[in-house]
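First up is the structure itself, then whatever we jot down about it.
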Amino acid sequence: MRSIWKGSIGFGLVSIPVKLYSAVQTSSLDFDMLDSRDHSRIRYQRVNEHTHKEVPYDKIVKGYKMGDDYVIMEDHDFEDAAPEKSKVITIEAFVNIDEVNPMFYETSYYTEPDTKNNKAYALLLQALIKSKKAGLARFVLRSTESLCIVHPVNNVLVVTRIRFGQQIRETDDLNVPDKVEVSKKELDMGLTLIDQYSEKFDVSKFKDEYNAQLLEVIKAKSKGKRATVKKLKPHKTSGTDLYDQLMDSLKVKKGA
């Protein structure tokens, strides 16, 4: 793995030099865009809108339009906006991680201490584990300020970027009825169904099966064949009555 950011985690007056590494990777298949006429790959070019010529990557700069002109930005300009946030993940508070709405989560990064036998890194890790808390912090990554939580995973401090509150849309425009009457009998049955399917969270039990099956389709097609397609089997219910559907659901074994 290659580090994507270098700086420090700060809490109180303690500073922990760290490197960030991406903790996630894509599992999707990599498809190329092709011209349907001769199957040549389609290449995307960075073209000057006036000369229509390709622009070398090292000649591209970032600009912010003000009026009719552009203000050209350089790397140090982004750091000058908040030098401390560009180099420090500043923990501003400690929170219960289960209070963070999953809608806020974006992506995660592993941290690695930038010095050997870093006691401050070990201290923060063990303190978070024992207190069952997570650090709420903010920092700047790739010229964008991010809110994040610092939390322990096994023996590693993980930085997970989360969205700001204003990035979550309101639900006012959704056509959801204010109140629908659910009988006690139906509610009890729903709770029983939830209880029957409840288990300890174990993500290792779940695999990206779609991509594996899609690859089988590709392999078969490369040989001029068509992969065997599983037929969808509709589940039969005793009717449209919600209670009856819940009762039938309880009779179905897990994984069926």
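In full-length UniProt numbering, the protein residues as written are 1 to 256.
Every residue, glycine too, gets a C-beta built ideally from N, C-alpha and C.
DSSP-derived helix/strand/coil call for residue i
{"i": "G255", "result": "Here the model assigns G255 a pLDDT of 49, short of 50, so the residue's position is not dependable, and the following value carries that caveat. Three-state DSSP puts G255 in coil, outside helix and strand."}
{"i": "T160", "result": "strand"}
{"i": "K185", "result": "helix"}
{"i": "D241", "result": "coil"}
{"i": "F78", "result": "helix"}
{"i": "S108", "result": "strand"}
{"i": "P56", "result": "coil"}
{"i": "S222", "result": "helix"}
{"i": "V203", "result": "helix"}
One or two residues paired with residue i in a DSSP bridge
{"i": "M73", "result": "K62"}
{"i": "S15", "result": "G10"}
{"i": "R138", "result": "T90, L147"}
{"i": "P152", "result": "L157"}
{"i": "L193", "result": "None; L193 has no bridge partner."}
{"i": "S22", "result": "Y109"}
{"i": "V95", "result": "A134"}
Of the listed residues the options, nearest to residue i (C-alpha basis)
{"i": "D77", "options": "S143, N211, S198", "result": "S143"}
{"i": "N117", "options": "K207, K87, I16", "result": "I16"}
{"i": "T160", "options": "Q166, I168, S8, H151", "result": "H151"}
{"i": "K184", "options": "L157, L242, P56", "result": "L242"}
Any non-hydrogen atom of the ligand NAP within 8 Å of residue i CB
{"i": "L246", "result": "For the ligand NAP, the structure offers nothing, since it holds no ligand at all."}
* **the segment 58-68 touching the segment 88-107, judged by at least three CB pairs closer than 8 Å** => no
* To do: Report yes or no: do three or more beta-carbon pairs, one from the segment 183-193 and one from the segment 46-58, lie closer than 8 Å?
  => Judged by Cβ distances under 8 Å, the segment 183-193 makes no contact with the segment 46-58, as fewer than three pairs qualify.
* To do: Give a yes or no on contact between the segment 94-104 and the segment 162-178, applying the rule of three or more CB pairs nearer than 8 Å.
  => The count of Cβ pairs closer than 8 Å, one atom from the segment 94-104 and one from the segment 162-178, reaches three, so the stretches are in contact.
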